[in-house]
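Beneath this line is the structure, given in structure tokens, with notes to follow.
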Amino acid sequence: MIVKEVTIRNKAGLHTRPAAQIVKAASKFKADFFIEKDGAEINAKSIIGVMTLAAPKGTKLKLRFNGTDEKDAAAVITKLFDDGFGEV
Amino acid sequence: MDLDKKPLKKKFITVDFLYERLSSRLGIDLERMNKVSESERRITERDIHRPGLALAGFTNLFTYQRVQIFGNTETRFLNHLPPVKRIKAFANIATFKVPCIVVTDKNKLEPKLLALATAAGIPVFRTTLTTTKFIYLISDFLDDQFAPHQTYHGSMLDVYGIGMLFVGRSGIGKSEIALDLIERGHRLVADDAVVITRKGESVLMAAGTDLVKHFMEIRGLGIINIEAMFGVRAIRFQKRVELIVELMEWDGTQEYTRTGFERDTALLLGVEIPVVKLPIFPGKNVTVIAEVIALNYLLKHYGYDAAEELDKRIKQKIATGAVGGKASPNGLSGRAIEYFEHDFE
Numbered sequence: 478m479i480v481k482e483v484t485i486r487n488k489a490g491l492h493t494r495p496a497a498q499i500v501k502a503a504s505k506f507k508a509d510f511f512i513e514k515d516g517a518e519i520n521a522k523s524i525i526g527v528m529t530l531a532a533p534k535g536t537k538l539k540l541r542f543n544g545t546d547e548k549d550a551a552a553v554i555t556k557l558f559d560d561g562f563g564e565v
Numbered sequence: 017m018d019l020d021k022k023p024l025k026k027k028f029i030t031v032d033f034l035y036e037r038l039s040s041r042l043g044i045d046l047e048r049m050n051k052v053s054e055s056e057r058r059i060t061e062r063d064i065h066r067p068g069l070a071l072a073g074f075t076n077l078f079t080y081q082r083v084q085i086f087g088n089t090e091t092r093f094l095n096h097l098p099p100v101k102r103i104k105a106f107a108n109i110a111t112f113k114v115p116c117i118v119v120t121d122k123n124k125l126e127p128k129l130l131a132l133a134t135a136a137g138i139p140v141f142r143t144t145l146t147t148t149k150f151i152y153l154i155s156d157f158l159d160d161q162f163a164p165h166q167t168y169h170g171s172m173l174d175v176y177g178i179g180m181l182f183v184g185r186s187g188i189g190k191s192e193i194a195l196d197l198i199e200r201g202h203r204l205v206a207d208d209a210v211v212i213t214r215k216g217e218s219v220l221m222a223a224g225t226d227l228v229k230h231f232m233e234i235r236g237l238g239i240i241n242i243e244a245m246f247g248v249r250a251i252r253f254q255k256r257v258e259l260i261v262e263l264m265e266w267d268g269t270q271e272y273t274r275t276g277f278e279r280d281t282a283l284l285l286g287v288e289i290p291v292v293k294l295p296i297f298p299g300k301n302v303t304v305i306a307e308v309i310a311l312n313y314l315l316k317h318y319g320y321d322a323a324e325e326l327d328k329r330i331k332q333k334i335a336t337g338a339v340g341g342k343a344s345p346n347g348l349s350g351r352a353i354e355y356f357e358h359d360f361e
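So the protein sequences, as listed, match chains X and S. Per the numbering used here, residue 478 is the first one in the first sequence, and the count goes up by one each step. Per the numbering used here, residue 17 is the first one in the second sequence, and the count goes up by one each step.
Structure follows, in structure tokens:
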């Protein structure tokens, strides 16, 4: 299992488009992927789940990957967050 | 899926066909004024022509190959000429291979001129309709006759009033989905061979072929006739194509829309039609999804887009920490219910 901490960097926060980006990227991997915010955890392969986070800029999220290709999944998805979903 | 096939177009219709259709199908009161061989006269264009200038003697650019309309202007012009000049003017245009002449608005062609037309083999008809009304009707008819059309492999249905064309590789289950939709009260336009015609510039109309109509093949069962089996409520003869649903096998490496923001379209006979790419796999109820696609299309048509609505709510929540003016508790997105009252039974 891999756990990463990320911060939302784009101004608009984690709205629908970034949420779709995350879910699409995640669905390419076999590994399970969860996002934790303030102690509550959602399945990050579900678009509605990711959208319910409604995380504004500056929010800290904990990403948890679990599965055979967790390393690749973690790399790809943390990069999405670090790049601010291409909105920075 | 390649749907951008080269359109087909009718090369010509004969004048007897035009006469028969205008009288029987459009109910236009057309009177035959002379007896010539109408089946040898061909109409090759959807446009009509009013030969005012040609009658006046200017025949450069005379579009003689079109249906010629003699309205009030042409008739009065001929009548105001002295008899010799009148005959000369008419004889001049009768030298061209005119497909036919229609005299509108209760006007008449005098016997001498009619004889000239007959001698030249030009059919002449007369109608009591006003010129504008007749031109409107014949243009619409000719427009349809010469409209670009093409046959596509797919199933065409009316689902909740939305014309949906299901496409996908042979054997993926288009007919089975069609059958399932019919069973649920929707209406079949055509299965397997769908003839699509462009009406005007941006409307696509679908129909079956005259031979097959509402017959279809179900693998492992054979040929069935939907009209005989389910009755008239299960069929339609024509329907506008509003949506294409492309069925494809689920492929883990391909991306499918998750929000519905991305709008796919396909070009059909030069018209852009929205496409929904629907991955299918065993156990997925495509019929219900097809109904939901139709209903969602209706909602969008009436101005409600669920994806945009939820996006708006999220942005509001990100910006203000609350949706609809209500502060939400800490933690996850907040619960929809503020306080659960006891729920005893």
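Beta carbons are placed, not taken as given, at the ideal position from N, Cα and C, and that holds for glycine.
- Not flagged as an interface residue toward chain X: Lys300(S), since no C-beta distance is shorter than 8 Å.
- Just measuring C-alpha positions, the residue of Ile193(S), Asn123(S) and Val211(S) sitting nearest Leu46(S) is Asn123(S).
- Not a single CB atom of chain X sits nearer than 8 Å to the CB of Glu265(S).
- Secondary structure at Ile138(S): coil, using DSSP grouped into helix, strand and coil.
- Under a criterion of Cβ atoms nearer than 9 Å, the residues of chain X adjacent to Lys331(S) are, in order, Ala489, Gly490, His492, Thr493 and Ala531.
- Sequence-distant Cβ neighbours of Arg541(X) in its own chain, meaning closer than 6 Å and more than five residues away, are Val480 and Phe511.
- Taking the Cα of Glu325(S) as reference, the smallest distance to any Cα among Gly276(S), Pro139(S), Ile138(S) and Lys215(S) is reached at Gly276(S).
- Contact between the segment 548-558 of chain X and the segment 92-100 of chain S is absent, with fewer than three C-beta pairs closer than 8 Å.
- For Ala194(S), not one C-beta of chain X is nearer than 8 Å to its own C-beta.
- In the three-state DSSP reduction, Ser55(S) falls in the helix class (H, G or I).
- At a cut-off of 8 Å, the C-beta of Val500(X) has a neighbouring C-beta in chain S.
- A residue is called buried once 16 or more other Cβ atoms fall within 10 Å of its Cβ, and Pro533(X) is buried on that count.
- Interface criterion not met: the Cβ of Ile512(X) is under 8 Å from no Cβ in chain S.
- Its Cα nearest to that of Glu258(S), the residue Leu220(S) stands out among Leu220(S), Arg252(S), Gln270(S) and Ile305(S).
- DSSP places Lys113(S) outside both helix and strand once states are collapsed to three, so it counts as coil.
- Taking CB atoms only, Ile554(X) has no neighbour in chain S less than 8 Å away.
- Lys293(S) has Glu262(S) as its beta-bridge partners, per DSSP.
- Excluding residues up to 5 positions away in sequence, Gly179, Val219, Leu220 and Met221 lie with their Cβ nearer than 7 Å to the Cβ of Arg256(S) in the same chain.
- In this model, Tyr168(S) and Ile212(S) are separated by some 7 Å (Cα to Cα).
- Contacts with chain X (Cβ-Cβ distance below 8 Å) from the segment 229-251 of chain S involve no residue at all.
- Taking 8 Å as the upper bound for CB-CB distance, Ile154(S) and Ala133(S) are not in contact here, some 19 Å apart.
- It is roughly 14 Å from the alpha-carbon of Leu19(S) to the alpha-carbon of Leu263(S).
- In the three-state reduction of the DSSP assignment, Asn241(S) falls in the strand class, which pools E and B.
- In the structure shown, Glu547(X) falls within a helical segment according to DSSP collapsed to helix, strand and coil.
- Note that the C-beta distance between Arg214(S) and Leu129(S) is not below 8 Å.
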